[in-house]
Amino acid sequence: MDKLLEKIIQAAKDAGAKDIDITKICLDDLIKKIDEIDKLPAVNLESRIYFENDNLVVDGIVAANKFGFGFLKDSFGISKKEVMDIYNPAVLEFTKCTHQLQELIKSKIHEMEGESKDVGED
Numbered sequence: 001m002d003k004l005l006e007k008i009i010q011a012a013k014d015a016g017a018k019d020i021d022i023t024k025i026c027l028d029d030l031i032k033k034i035d036e037i038d039k040l041p042a043v044n045l046e047s048r049i050y051f052e053n054d055n056l057v058v059d060g061i062v063a064a065n066k067f068g069f070g071f072l073k074d075s076f077g078i079s080k081k082e083v084m085d086i087y088n089p090a091v092l093e094f095t096k097c098t099h100q101l102q103e104l105i106k107s108k109i110h111e112m113e114g115e116s117k118d119v120g121e122d
């Protein structure tokens, strides 16, 4: 058993883990059973809509998943920087889309405010 694995097991025991199962997976087994493993996220692009100080806010979150990146690094030697460089154009477009959604919402709010003023004048 390699030293890193021993340290991980000891850290788990120190944290209170009682039953620790160890499974060694070689790359061939992983490729053969790729459909059987959990799907690990690598990069998440998420738009959120919420109120902050009575203002409607739309923002975009770009998150790197440490487990997905750990898998890519350990299994294939692919660094987080390499992946983020690949995704950079998508992140820029995602940011643009988030701003467009925010502007559309603002426009719709202004339209609704205008309609409510028109109704109030009758």
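In the UniProt record's numbering, the protein residues as written are 1 to 122.
Virtual Cβ for every residue (Gly too), placed ideally from N, Cα, C.
Since this is a predicted model, take the numbers as computed values, not measurements.
Item	Value
Whole-Å CB distance - L45 paired with G68, under 8 Å assumed	In fact, because the Cβ distance is near 14 Å, the residues do not count as touching under 8 Å.
Reference L101, options D21, R48, I8 and A12, closest by Cα	R48
S75 (DSSP reduced to helix, strand or coil)	helix
Residue range of the beta strand (DSSP E) that includes A64	N55 to A64
Cα-Cα separation, I20 to I9	7 Å
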